[in-house]
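So the protein lines, in turn, are chains A and B.
Residue 19 in the working numbering sits at position 19 of the first sequence, and the numbers go up by one each step.
Residue 1056 in the working numbering sits at position 56 of the second sequence, and the numbers go up by one each step.
All residues carry an ideal CB built from backbone N, CA and C; glycine is no exception.
Below: the structure, in structure tokens.
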Amino acid sequence: MNCMEPIEPRDLGVGAECLIQMPLGLLGFERFKSFALVTNPEEEPFLWLQVVEEPKLAFLVMSPFVAVPNYQPEISEEDAGSLGLQNQEEPLIFNIVTVRGAQQATINLKGPIVLNRRTLVAKQVIPLNAPNLPVAHPLPIQSN
Amino acid sequence: MLILSRKLNESIVIDGRITVTVMRVDGDVVKLGIAAPADVPVHRQEVYDEIRRSNHEAATQRTGPVPRLSPNRAAQAAQPTKNRWQDRQPQPDRAGHSPNHIKANIA
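Set out below in structure tokens:
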């Protein structure tokens, strides 16, 4: 993944690391603004959102569309504007995964992270349809 | 906690840059208009709390094995095409509005 180029979804799978900024931080972790998106081919489709300032703090994330192909968070005009998303510009969306044991994991569909691939600035947004989106959607985990 | 009484269409100003206006009162529902700069996040408390709690549960270290998705799901490619926010937005007769003006309208 070449961070000097706009990130394409297909790039998030090759082993690489990319710095992104979240000026508002994650909800509940507002003090951390800089993150590295870390990918490892062996861990696909998951990748890591690593807090730069705190090496012991990271979040497992993934493209929600892998697990929920018809996922449609309605991103507000204000959020799109604050990310500088221009018309026709497709953001990269990924969601935080909670591992709840060897065979249980969930994905938070209520608070997606929206990344402007051109500026590498991201925000954890609350979509307009958040009340209808689960905060802990079960992921199909392989049992071996 | 500071407690203020406000009538319909009256406002309070916070820190000289955030204005909260009572837009409508209907029974036990109060509709508030909030004008705040873009760097001031405004959220409904219960949704904010839910996502914050989920973030705290998800916080981890980048160690140990990552779960493996069941193969049928893992094989599916990302399909972001149905997610274009711009397709759902009202088309721009609102061009004159500053993006920072009315940040949220919380019912």
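*Along the alpha helix (DSSP H) that carries Asp-79(A), what are the first and last residues, could you check?*
77-82
*asked:* What does the alpha-carbon distance come out to for the pair Arg-1084(B) and Gln-88(A)?
replied: Because the pLDDT of Arg-1084(B) is 49, which lies under 50, any placement of that residue in the model is unreliable, and the question is left without a value.
*According to DSSP, what are the bridge partners of Thr-106(A)?*
Thr-98(A), Pro-138(A)
*C-beta atoms of Ile-107(A) and Asn-116(A) nearer than 8 Å*: no
*beta strand (DSSP E) containing Val-51(A): first to last residue?*
46-51
_Local conformation of Gln-1076(B) per DSSP, three classes_ = Because the pLDDT of Gln-1076(B) is 49, which lies under 50, any placement of that residue in the model is unreliable, and the number read from its coordinates should be weighed accordingly. Coil at Gln-1076(B), not helix or strand.
*Cβ atoms of Val-1022(B) and Val-1007(B): under 8 Å apart, would you say?*
Reading the sequence as shown, one finds Lys at residue 1007(B) and not Val. Yes; because the gap between Cβ atoms is below 8 Å, this pair is in contact.
*Do we get a CB-CB distance below 8 Å when we pair Pro-23(A) with the residues of chain B?*
yes
*Taking Val-52(A) as the reference, give the member of Ala-80(A), Ile-141(A), Ile-20(A), Gly-81(A) with the closest Cα.*
Ile-20(A)
*How many angstroms separate the CA atom of Asp-1049(B) from the CA atom of Ala-122(A)?*
20 Å
_Counting only beta-carbon separations shorter than 8 Å, does Phe-29(A) have a partner in chain B?_
yes
*Beta-carbon proximity list for Gln-124(A), same chain, < 6 Å, skipping 5 on both sides*: Excluding sequence positions up to five before and after Gln-124(A), its CB lies within less than 6 Å of the CB of Leu-26, Leu-27, Gly-111, Ile-113, all in the same chain and listed in chain order.
*Mind pulling the chain B residues with CB within less than 7 Å of Leu-57(A)?*
Neighbourhood of Leu-57(A) in chain B, by CB distance below 7 Å: Ala-1059, in chain order.
*With a cut-off of 8 Å, does the C-beta of Asn-132(A) fall near any C-beta of chain B?*
no
*Mind pulling the chain A residues with CB within less than 7 Å of Leu-1069(B)?*
By Cβ distance, chain A contributes Pro-45, Leu-139, Pro-140, Ile-141, Gln-142.
*Taking the alpha-carbon positions, what's the Asn-1009(B) to Arg-1024(B) distance?*
8 Å
*Go ahead and label Ser-1005(B) buried or exposed: buried means 16 or more other beta carbons lie within 10 angstroms of its beta carbon, across all protein chains shown.*
exposed
*Given a threshold of 16 other Cβ atoms within 10 Å of its Cβ, counted over all protein chains shown, does Gln-50(A) qualify as buried or as exposed?*
buried
*Beta-carbon separation (whole angstroms), Pro-1041(B) vs Leu-57(A), contact threshold 8 Å*: Not really, about 20 Å apart at Cβ, beyond 8 Å.
_I want to check one thing, is the minimum distance from the CB of Glu-53(A) to the heavy atoms of the ligand SAH below 7 Å?_
This structure does not include the ligand SAH; it has no bound ligands of any sort.
_Just list the residues that DSSP pairs Gln-21(A) with in beta bridges._
Ser-34(A), Val-121(A)
*asked:* Alpha carbons only, please: which of Glu-17(A), Ala-36(A), Phe-46(A) is nearest the one belonging to Phe-65(A)?
replied: Considering only Glu-17(A), Ala-36(A), Phe-46(A), the residue with the shortest C-alpha distance to Phe-65(A) is Phe-46(A).
*asked:* So Ala-1036(B) and Ile-1018(B) are supposed to be a Cβ contact under 8 Å. How far apart are they, rounded?
replied: 4 Å
*Closest to Ser-34(A) by CA distance: which of Val-135(A), Gly-101(A), Leu-120(A), Gln-86(A) is it?*
Leu-120(A)
*asked:* Going by beta-carbon coordinates alone, are Phe-54(A) and Phe-32(A) separated by less than 8 Å?
replied: As written in the sequence, residue 54(A) is Glu, which differs from the Phe given in the question. Cβ atoms of Glu-54(A) and Phe-32(A): closer than 8 Å.
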